[in-house]
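If you're matching them up, the sequences are chains A and B in order.
Going letter by letter, the first sequence gives residues 1 to 407 in the numbering used here.
Going letter by letter, the second sequence gives residues 408 to 658 in the numbering used here.
By construction, the Cβ of each residue, glycine as well, lies at the ideal position given by its N, Cα and C atoms.
Note that this is a predicted model, so its numbers are computed, not measured.
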Amino acid sequence: MLGLNSKDTMLLIVVAFLALAAPFLLNPFPTNSSLAQFNAGYPDLMQRFAIFGIFAIGFNILFGLTGYLSFGHAAFLGVGSYAAVWMFKLLSYNVIPAIILAVIVAGLFSVLIGYVSLRRSGIYFSILTLAFAQMSFALAYSVLSNPKFNLTNGETGLQVYGDDPQILHREGLPDVPHLFGWAMRDNFLELEVAGWEFTFNNGYYLCAVILLVVFYLAIRLFRSPFGLMLRAVKSNQQRLNYTGLNPKPYTLAAFIISGMYAGLAGGLLAAMDPLAGAERMQWTASGEVVLMTILGGAGTLIGPVLGAGFIKYFENIFSKINDNVLHQWFAFLPDGMEDFMVFIVHPFVGKGWHLTLGILFMLVVTFLPGGLVEGGQRIARLFRRRGKKTDTPDPEHHPKETPHVAE
Amino acid sequence: MGILEVKGVNKRFGGLQALGDVNLSVEENTVHAIIGPNGAGKSTLLNCLVGKLIPDTGSVMFDGRSVLGRTPYEINQMGISRVFQTPEIFGDLTVFENMVIPAFAKRDGAFRMHAFESVAREQDIVERAQQMLEEVNMLDKLHMHSASLSRGDKRRLEMAMCLLQEPRLLLLDEPTAGMARADTNNTIDLLKEIKQKRDITICIIEHDMHVVFSLADRITVLAQGSPLVEDSPENIRGNPKVREAYLGEAA
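As structure tokens, this is what we get:
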């Protein structure tokens, strides 16, 4: 289907199901239950899952395939956001031109940064991208926000004001980002079934559809000769050179494509909430996408999306657990024990959610170097082995076949 | 006029004269061996031919065109393929993928943006890769991870990758270094077979005299960065100057 083999088609169908049914899948607990705080099926968070999924898929095209570790990808995300908000200010609140401009501007920006950074490889490449991203952050935060030339509105962040031109804005169109009148922040359906509540948000579904499109494009890229060349760059550049192939344009093209994915993610962030701030470009944001990709499984198709979801879930859910919630959890214990447990768990939740994330990251990287995807594979293998026990493979005499990239 | 003409090449690394006035002419469709003791400049010479090093003076012409100042991939696209001393293959990829890459390089040149097509659907490329693997008897290892191949198979794969591009000149850098006798003989047979099946010029750098005398039509002896003699294998065998270069004055 769609030019994919059966395995990839299955993968795409699974992802499509997960994305489109997310409002149900992420809200497994009834609204009134004590577990309701673990529900992630509210619009704001679901949008983030999809948007950062797109960001990570793009990052993985560069890092997962070529092995070039960029530490400055948040710069493209930020640039995309700024471009989108400028489109809102000048044209109208329609998200289509905003997203298109975000992708184009991020693409041009990545040509510039990629061309210079890719002159070096390894750690030097990472440092160069980091330097560029921090320069972009400084530009956005202060340099480009003086009264004479205010491109980014500095610390306050770029937003739409009442006196902005918005030349295509018409009477009757909503005064928030919309898709031909379909406001991003509105829900087209709110279901209440027994104790459950499901919210179907316009903005989320736009993000989900775009996620599916770019995921499909990523599958095609992974299976293409171009994708193969990128993996060859990672494997042995020397051999590639002596096989008559020039690695430079391949890596630059990968860099630009992943920059455009990041710009798309930035544009969507602005489309969901028309505000662009410099903090989106900070190095911590660049580091986050690296974590997402490695946590999920670098070089795999589905891994980055899983990683993005995992980290965003922790960021939003674990950070909301406060001492009151902890006291409720441990209420069954005797008083002294209860306080003691709260004291122990306290640093790992709420503001300390990074601590939990850090521990999980260490565990995953240590025991599952292939990320969450490898975890899934091991579980699948365990079940398969149980299925046919007599057919134990002999590693000595049947050399291991390469696992498919998508697994 | 040979297919490869090296004239007056000098290369100096600081105080060391690695190559001093090297002249070499490799005739088309022959096997030309370059031998010499350690430090004679064999590898330096080879690196000058493939664009890894640029000589200080002199010229290197391949098929009437200069290779100097060109990058390795440009020189490869001109028709020179190189096999390394330790096999250089794409270890993270399967044997099949390893073979497909040179096929694309041959068909599409140094760069082509084909990010939407599927490798599996490029019929001509897939067939070409399988055909070449069959020729080197590796079709059964098609989906194996190439890093898990034995050393001999890695060498075979690298050779097949080079041959798939139908180069006019194949450069071999000590293809049997560190190999057991049996593997060495296999490599000799493989090279003989390759030579038999197609019009190809082979330039081989080798330590092992057994390999050199079984394959070469022509031998150049390098000593201390300069060619000592160039002659047929029979004459080289008896040449006292060569014995001296290899075994020292006392011999």
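According to the neighbour-count rule (16 or more other Cβ atoms, all chains shown, within 10 Å of its Cβ), is residue i buried or exposed?
{"i": "Arg385 (chain A)", "result": "exposed"}
{"i": "Gly370 (chain A)", "result": "buried"}
{"i": "Arg472 (chain B)", "result": "exposed"}
{"i": "Pro403 (chain A)", "result": "A caution first: Pro403 (chain A) carries a pLDDT of 47, below 50, which makes its placement in the model unreliable, though a value can still be read off. With fewer than 16 Cβ atoms within 10 Å of its Cβ, Pro403 (chain A) is classed as exposed."}
{"i": "Asn146 (chain A)", "result": "exposed"}
{"i": "His439 (chain B)", "result": "buried"}
{"i": "Phe222 (chain A)", "result": "buried"}
{"i": "Pro399 (chain A)", "result": "Confidence at Pro399 (chain A) is low in this model, with a pLDDT of 44, below 50, so its placement is unreliable and the value that follows should be read with caution. Looking at its Cβ environment, which holds fewer than 16 other Cβ atoms inside 10 Å, Pro399 (chain A) is exposed."}
{"i": "Ile54 (chain A)", "result": "buried"}
{"i": "Thr284 (chain A)", "result": "exposed"}
{"i": "Ala254 (chain A)", "result": "buried"}
{"i": "Gly107 (chain A)", "result": "buried"}
{"i": "Leu579 (chain B)", "result": "buried"}
{"i": "Glu374 (chain A)", "result": "buried"}
{"i": "Arg165 (chain A)", "result": "Note on residue identity: the sequence assigns Pro, not Arg, to residue 165 (chain A). Pro165 (chain A) should be labelled exposed."}
{"i": "Lys148 (chain A)", "result": "exposed"}
{"i": "Val14 (chain A)", "result": "exposed"}
{"i": "Ser488 (chain B)", "result": "buried"}
{"i": "Pro334 (chain A)", "result": "exposed"}
Compare the C-alpha of residue i against each of the options and name the closest.
{"i": "Lys418 (chain B)", "options": "B:Gly409, B:Glu529, B:Ala440, B:Ser450", "result": "B:Ser450"}
{"i": "Pro574 (chain B)", "options": "B:Glu435, B:Leu423, B:Val429", "result": "B:Glu435"}
{"i": "Gly78 (chain A)", "options": "A:Phe383, A:Phe310, A:Ala262", "result": "A:Ala262"}
{"i": "Thr464 (chain B)", "options": "B:Val628, B:Gly415, B:Ile612, B:Gly476", "result": "B:Gly415"}
{"i": "Gly309 (chain A)", "options": "A:Ala253, A:Met46, A:Lys148, A:Arg280", "result": "A:Met46"}
{"i": "Phe511 (chain B)", "options": "B:Phe497, B:Val502, B:Val526", "result": "B:Val526"}
{"i": "Gly458 (chain B)", "options": "B:Met408, B:Met468, B:Val474, B:Ala447", "result": "B:Val474"}
{"i": "Val176 (chain A)", "options": "A:Gly154, A:Phe383, A:Gly203", "result": "A:Gly203"}
{"i": "His73 (chain A)", "options": "A:Gly67, A:Phe59, A:Ser81, A:Ala83", "result": "A:Phe59"}
{"i": "Ser92 (chain A)", "options": "A:Leu179, A:Leu306, A:Trp329, A:Val213", "result": "A:Leu179"}
{"i": "Thr356 (chain A)", "options": "A:Leu275, A:Ile379, A:Ser319, A:Leu4", "result": "A:Ser319"}
{"i": "Arg170 (chain A)", "options": "A:Val213, A:Asn94, A:Leu189", "result": "A:Asn94"}
{"i": "Tyr480 (chain B)", "options": "A:Phe332, A:Pro247, A:Ala183", "result": "A:Pro247"}
Given that residue i touches chain A, what residues does it touch there, using C-beta distances under 9 Å?
{"i": "Val413 (chain B)", "result": "Residues of chain A passing the Cβ test: none, with the nearest at roughly 19 Å."}
{"i": "Phe469 (chain B)", "result": "Neighbours of Phe469 (chain B) on chain A: none; closest Cβ ~14 Å, over 9 Å."}
{"i": "Val457 (chain B)", "result": "Tyr242"}
{"i": "Asn483 (chain B)", "result": "Asn241, Tyr242, Thr243, Gly244, Leu245"}
What did DSSP end up calling residue i once you bin it into helix, strand or coil?
{"i": "Leu629 (chain B)", "result": "strand"}
{"i": "Thr243 (chain A)", "result": "coil"}
{"i": "Glu565 (chain B)", "result": "helix"}
{"i": "Phe198 (chain A)", "result": "strand"}
{"i": "Arg489 (chain B)", "result": "strand"}
{"i": "Leu191 (chain A)", "result": "strand"}
{"i": "Ile410 (chain B)", "result": "coil"}
{"i": "Ser145 (chain A)", "result": "strand"}
{"i": "Ser70 (chain A)", "result": "coil"}
{"i": "Ala652 (chain B)", "result": "helix"}
{"i": "His346 (chain A)", "result": "helix"}
{"i": "Gln37 (chain A)", "result": "helix"}
{"i": "Arg419 (chain B)", "result": "strand"}
{"i": "Val429 (chain B)", "result": "strand"}
{"i": "Met520 (chain B)", "result": "coil"}
Could you name the residues of chain B that residue i contacts, counting a contact when the two beta carbons are closer than 7 Å?
{"i": "Leu221 (chain A)", "result": "Ala522"}
{"i": "Pro249 (chain A)", "result": "Phe518"}
At 8 Å on the CB atoms, spell out the chain B contacts of residue i, in chain order.
{"i": "Ala262 (chain A)", "result": "Residues of chain B passing the Cβ test: none, with the nearest at roughly 17 Å."}
{"i": "Ala298 (chain A)", "result": "The premise fails here: Ala298 (chain A) is roughly 12 Å from chain B at the closest Cβ pair, so nothing lies under 8 Å."}
Starting from residue i, find everything on chain A with Cβ-Cβ shorter than 7 Å and list it in chain order.
{"i": "Arg489 (chain B)", "result": "Tyr242"}
{"i": "Ser525 (chain B)", "result": "Gly3, Arg223, Ser224"}
{"i": "Phe511 (chain B)", "result": "Pro225"}
{"i": "Val507 (chain B)", "result": "Leu228"}
{"i": "Glu504 (chain B)", "result": "Leu228"}
{"i": "Asp499 (chain B)", "result": "Arg231, Lys234, Ser235"}
Note down, in chain order, every chain A residue with its Cβ under 8 Å from the Cβ of residue i.
{"i": "Gln492 (chain B)", "result": "Those do not exist, as Gln492 (chain B) stays about 12 Å from chain A at its closest Cβ, beyond 8 Å."}
{"i": "Ile496 (chain B)", "result": "Asn236, Arg239"}
{"i": "Tyr653 (chain B)", "result": "Near Tyr653 (chain B) there are no residues of chain A at all, since even the closest Cβ is about 30 Å away, more than 8 Å."}
{"i": "Pro479 (chain B)", "result": "Asn241, Tyr242"}
What does residue i touch in chain B if you count any residue whose Cβ is under 9 Å from its own?
{"i": "Ala253 (chain A)", "result": "Phe518, Met520, Ala522"}
Is any non-hydrogen atom of the ligand ATP found closer than 7 Å to the C-beta of residue i, if you look at the structure I gave you?
{"i": "Phe330 (chain A)", "result": "Absence of the ligand ATP is noted for the structure shown, with no ligands found whatsoever."}
Near-chain E residues of the stretch 223 to 246 of chain A (beta-carbon distance less than 9 Å), N- to C-terminal order: The chain labelled as chain E is not found among the protein chains of the depicted structure, namely A and B.
Contacting positions in the stretch 56 to 87 of chain A - beta carbon closer than 9 Å to chain B: none
Residues from the stretch 556 to 590 of chain B in contact with chain A, defined by Cβ distance under 9 Å: Leu556, Glu565, Met568, Cys569, Gln572
Residues, ordered as in the chain, of the stretch 528 to 540 of chain B that lie near chain A by beta-carbon distance below 9 Å: Arg528, Glu529, Ile532
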